[in-house]
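Notes for the one structure printed next.
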Amino acid sequence: MERRAKILIVDEDPQWSGELGDGLARAGYQILLADTGQAGLDRFEELQPDLLLLDLQLPDLDGWEVFEQIRGIDGEVPIIVVTGRDLPERAACALRSGLGDYLRKPASGDEVLLAVKRALATEELKREVAQLRSQKVARTGKPVIVARSREMRQVLAMVDKVAGSDASTIFIQGESGTGKELIARAIHCQSARRDQPFMAINCAAVPQTLLESELLGHERGAFTDAKALKKGLFELADGGTVFLDEIGDMDPAMQAKLLRVLEERSFRRVGGTRDITVDVRIISATNRNLQQAMEEKTFRPDLYYRIGVIPIILPPLRERRDDILPLAEHFVAQFSTEFGKQVRGISKMAQKILLEYAWPGNIRELKNAVERAIILECEDMLLVEHLPRELIGQSVGGNFGPLNFQLPPDGIDIEEVERELIRQALEMAEGNQSRAARLLRLGVDAFRYRMKKFGFM
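Numbering (this note's numbering), first residue to last: 4 to 460.
Right, here's the structure in full:
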């Protein structure tokens, strides 16, 4: 399913932008228009185009102000300035800061088209380089992060920055299943601490009475079952990284002790009297709203401000749809190898279902769906009928589900309902009559009878 690049044209001249947009649309691009700077900013934030064509002379805002605000929203999107103003010095400065191109009006449609193709090709090259880097990481045992969407490429750009920095605390926030631990591991593997331990703990999975001992360790005899000295994660990870997943579930007493570790870089084992100094980077993560938790007085504000110096926000899968198919293909390849299958890919209709589903469980749910299909169903191609029923039901809106269908007050032609079901089954099965029959729980002969009845054969 090929995606058309979206181009936003911000220009106050409707005739010029309309003609330019028509030409670019004929070349296969999706065109968005705005005739003021504010409208351009609003449309950019709402629709997230792949490229911006910007006139510097706008009726409400200075073009360079719009340029700077766009760069603040997205530092990577290509921007091509097309203007009648002669600003060579500022244009050169903008080019050095990452502007896609600079064209003087009246630029011909062919000139603009060439500049657009060049800018988008450069952006595609960047994505390919990032993909090659991911493959290299996979070969060296480091985390593989599939990131084709702009949202995730921005996250990885932040990972690159913080990994090489001296930041001692990093905070990752995102819904369950978005890959918070994977990002934490990527930060560790790209840092100078890569050869030192990476220690992870889920604060929600460990009873709060044991969490202190897990993190700080304990001395022999510190409590009834403490029959030997035990080093905690902070001590074991000295020189490396500690990942505290679901830190929002940590109780207030342990939060106070963690704050002391962060501020002093030292602690005492449970039952100990000696301060132990460590050098660790602490990466915290949560799927909870810590602002709300602070208002409810279940999370300490001083700890929040200490761990939240460098925040990384992971978008849910529904907000990074450009990653859905690459992720699915990655998991198909992974599980095909793992389970000794020869699955070639994903059918077009199955791709459509995957793209339309909301993925409340995010990447974890997608991974589980593909793994189940490969283990139980797939032989050579992942098809619609291999997917969990809830995916298929949501993608077609559940219009014919037994719990969702409502009989209209004026009634309905049952023949039309049956005909529509036959049509949808054939579409989902991409014309394969046996698979379409299975989708409707019919035998092949019964399904073919209905195909003839409704003129499908």
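All residues carry an ideal CB built from backbone N, CA and C; glycine is no exception.
In this text, all values refer to a predicted model and were calculated from it rather than measured experimentally.
I need the straight-line Cα distance from residue i to residue j, nearest angstrom please.
i: I279; j: D305; result: 23 angstroms
i: P319; j: S350; result: 24 angstroms
i: N290; j: R323; result: 17 angstroms
i: T125; j: A240; result: 41 angstroms
i: L443; j: K455; result: 16 angstroms
i: G21; j: A376; result: 47 angstroms
i: V373; j: E430; result: 21 angstroms
i: D58; j: G112; result: 15 angstroms
i: R142; j: H333; result: Below a pLDDT of 50, predicted positions are generally treated as unreliable, and R142, at 44, falls in that range; no measurement from the model is reported.
i: S437; j: L379; result: 18 angstroms
i: A28; j: L261; result: 57 angstroms
i: G311; j: S269; result: 20 angstroms
i: Q294; j: L386; result: 43 angstroms
i: M460; j: F450; result: 11 angstroms
i: E423; j: D413; result: 19 angstroms
i: E419; j: A428; result: 14 angstroms
i: A150; j: N292; result: 25 angstroms
i: L23; j: I83; result: 13 angstroms
i: E267; j: A331; result: 44 angstroms
i: F342; j: V335; result: 10 angstroms
i: R277; j: L394; result: 56 angstroms
i: D252; j: D198; result: 30 angstroms
i: R271; j: M202; result: 19 angstroms
i: S339; j: Q345; result: 6 angstroms
i: M161; j: D416; result: 57 angstroms
i: A30; j: E114; result: 13 angstroms
Compute the beta-carbon to beta-carbon distance between residue i and residue j, rounded to the nearest angstrom, for a pair I have assumed lies under 8 angstroms.
i: I285; j: S194; result: That pair is no contact at about 13 angstroms.
i: G446; j: A440; result: 6 angstroms
i: L317; j: S287; result: Rounded, the Cβ-Cβ distance is 13 angstroms, inconsistent with contact.
i: V85; j: L106; result: 5 angstroms
i: R196; j: G243; result: 5 angstroms
i: I313; j: V165; result: 5 angstroms
i: I204; j: I186; result: At roughly 16 angstroms, the Cβ-Cβ gap does not stay under 8 angstroms, so I204 and I186 are not in contact.
i: A259; j: R303; result: 7 angstroms
i: V315; j: V158; result: In the sequence on display, residue 315 carries Ile and not Val. The pair is a contact, with the Cβ atoms about 6 angstroms apart (cut-off 8 angstroms).
In its own chain, which residues sit with a C-beta less than 6 angstroms from the C-beta of residue i, not counting the 5 before and 5 after it?
i: L472; result: Nothing about residue 472 can be reported from this structure: the residues present for the chain run from 4 to 460 only.
i: R453; result: I425
i: I250; result: C206, S287, T289
i: E15; result: D38, L61, P62
i: I173; result: V165, I286, I313
Below 8 angstroms CB to CB, which residues in the same chain sit around residue i once its five sequence neighbours on both sides are set aside?
i: V273; result: E215, S216, L219, G220, H221, E222, A225, F226, A229
i: I327; result: L320, L357, L358, W362, L369
i: L123; result: A8, D53, L54, P81
i: R309; result: T172, L262, L265, E266
Give every residue of the same chain whose Cβ lies closer than 7 angstroms to the Cβ of residue i, excluding the five residues on either side of it in the sequence, and list them in chain order.
i: R347; result: D383, M384
i: E238; result: G220, I279, V281
i: K9; result: Q33, L35, L50, P52, D53
i: F457; result: R422, I425
i: R136; result: Residue confidence for R136 is low, a pLDDT of 48 falling below 50, so the modelled location carries little weight and cannot support an answer.
i: D254; result: Q211
Starting from the Cα of residue i, find the closest Cα among the options and give me that residue.
i: Q354; options: R451, G343, H389, R107; result: H389
i: T181; options: L328, R156, N365, M431; result: N365
i: I148; options: D169, K183, E178; result: K183
i: L44; options: G311, E68, Q199; result: E68
i: K120; options: Q427, D104, V264; result: D104
i: P146; options: L213, Q427, M161, R188; result: R188
i: R392; options: Y360, R422, I417; result: Y360
i: F47; options: A30, D25, I73; result: I73
i: N435; options: D416, K300, P411, M352; result: M352
i: D325; options: E114, C192, G167, S152; result: S152
i: E178; options: R367, T212, N371; result: R367
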